[in-house]
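**Q**
In this note's numbering, the protein residues as written are 50 to 303.
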């Protein structure tokens with residue numbers, strides 16, 4: 050059991066798009082300083098074909114969402130074209146509890162979510178609930194891997210509904226923190242956040258004095274491909290679980 054403030058004096062840097070007041074509050078409760086410094090942002094892709102694509106949704110048996118960002122962009126188009134939840138009849142599959150919550154907040158139901166919040170587990174478990182003849186539409190971002198499209202034997206179409214862009218504004222803040230003598234932990238929520246950080250900061254600064262936290266084994270695998278050791282990766286892929294695991298890890302090594 051660790052002490053009540055295992056993160057005392059620790060700068061915990063959140064680099065992803067996702068925001069969690071619960072995770073930030075946990076950092077403070079454990080004595081740390083939550084630093085919100087996203088390195089990426091998402092931007093909805095707008096096309097003249099958007100309405101046609103939305104109206105084609107009911108020709109599919111399944112809609113697949115793997116991120117909150119895809120749900121956010123989807124919702125934006127629903128609002129723009131005045132379509133409510135009752136319009137959509139296809140079943141919905143998601144990856145991640147937060148993605149599921151975002152879908153449900155639109156008044157839609159989630160029909161399938163994998164036991165582990167990752168795309169490779171999704172393709173392994175999805176055939177248990179879907180027949181091979183079911184048509185699927187994967188609503189995705191521009192950096193999404195082909196894991197779902199290539200991994201499923203179903204007919205899977207794709208709609209790239211948002212793009213991920215790199216943010217410059219927080220780089221100097223992160224560099225300043227890493228140059229200081231204060232202890233720092235960095236949370237990477239996706240391979241894209243890890244890649245942008247590594248390319249713009251990590252490769253030159255190194256990781257020797259940083260506690261590296263990853264959400265998901267794909268993110269961890271990317272970091273390890275860059276010879277970066279990951280100290281913290283929770284079994285449940287949420288920011289709050291990262292903070293709890295980080296506090297436990299810090300409590301053990303102090």
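Glycine included, every Cβ here is placed at the ideal spot set by N, Cα and C.
Remember, it's a predicted structure, so these values are computed and weren't measured experimentally.
1) Shorter than 7 Å, the distance from the beta carbon of residue 201 to the closest heavy atom of the ligand COA, or not?
2) Using DSSP with H/G/I as helix, E/B as strand and the rest coil, what is residue 239?
3) Restricting to Cα atoms, I'd like to know which of 132, 203, 122, 67 is closest to residue 109.
4) For residue 275, name the three-state secondary structure that DSSP assigns.
5) Look up residue 234 in the DSSP assignment and say whether it is helix, strand or coil.
6) How many angstroms separate the CA atom of residue 120 from the CA atom of residue 151?
7) Among 102, 271, 53, which has the Cα closest to the Cα of residue 186?
8) For residue 293, which option in 64, 201, 76 has the closest C-alpha, if you only look at C-alpha atoms?
9) For the 8 Å Cβ check, are there 3 or more pairs between the stretch 239-246 and the stretch 84-91?
10) Going by DSSP, which residues form a beta bridge with residue 211?
11) Hey, is the stretch 92-99 in contact with the stretch 114-129, meaning 3+ C-beta pairs nearer than 8 Å?
12) Given residue 285, which residues of its chain have a CB within under 7 Å of its CB, disregarding the five upstream and five downstream residues?
13) Do residue 66 and residue 118 have their C-beta atoms closer together than 8 Å?
**A** According to the structure shown:
1) No copy of the ligand COA occurs in the structure displayed, which carries no ligand at all.
2) Mapped onto the chain shown, residue 239 falls at position 190. Residue 239 falls in the coil class under three-state DSSP.
3) Numbered from its first residue, the chain shown carries residue 109 at position 60. The option with the nearest alpha carbon to residue 109 is 203.
4) Taking the first residue of the chain shown as position 1, residue 275 is located at position 226. Reduced to three states, the DSSP call for residue 275 is coil.
5) Counted from its first residue, the chain shown places residue 234 at position 185. Residue 234 falls in the strand class under three-state DSSP.
6) If you number the chain shown from 1, residue 120 lands on position 71. If you number the chain shown from 1, residue 151 lands on position 102. One C-alpha to the other measures close to 7 Å.
7) As a first step, residue 186 is located in the chain shown; it is residue number 137 there, counting from the start. Residue 186 has its Cα closest to that of 102, out of 102, 271, 53.
8) Looking up residue 293 in the chain shown gives position 244. Looking at the Cα atoms, 76 is the closest of the given residues.
9) With a cut-off of 8 Å, the stretch 84-91 and the stretch 239-246 count as touching, because enough Cβ pairs lie within range.
10) Residue numbering aside, residue 211 sits at position 162 when the chain shown is read from its first letter. Bridge partners of residue 211: 93, 190.
11) With a cut-off of 8 Å, the stretch 114-129 and the stretch 92-99 count as touching, because enough Cβ pairs lie within range.
12) Stepping through the chain shown from its first residue, residue 285 is reached at position 236. Nothing meets the Cβ criterion.
13) Your numbering for residue 66 matches position 17 in the chain shown. Your numbering for residue 118 matches position 69 in the chain shown. Yes, Cβ-Cβ distance for residue 66 and residue 118 is below 8 Å.
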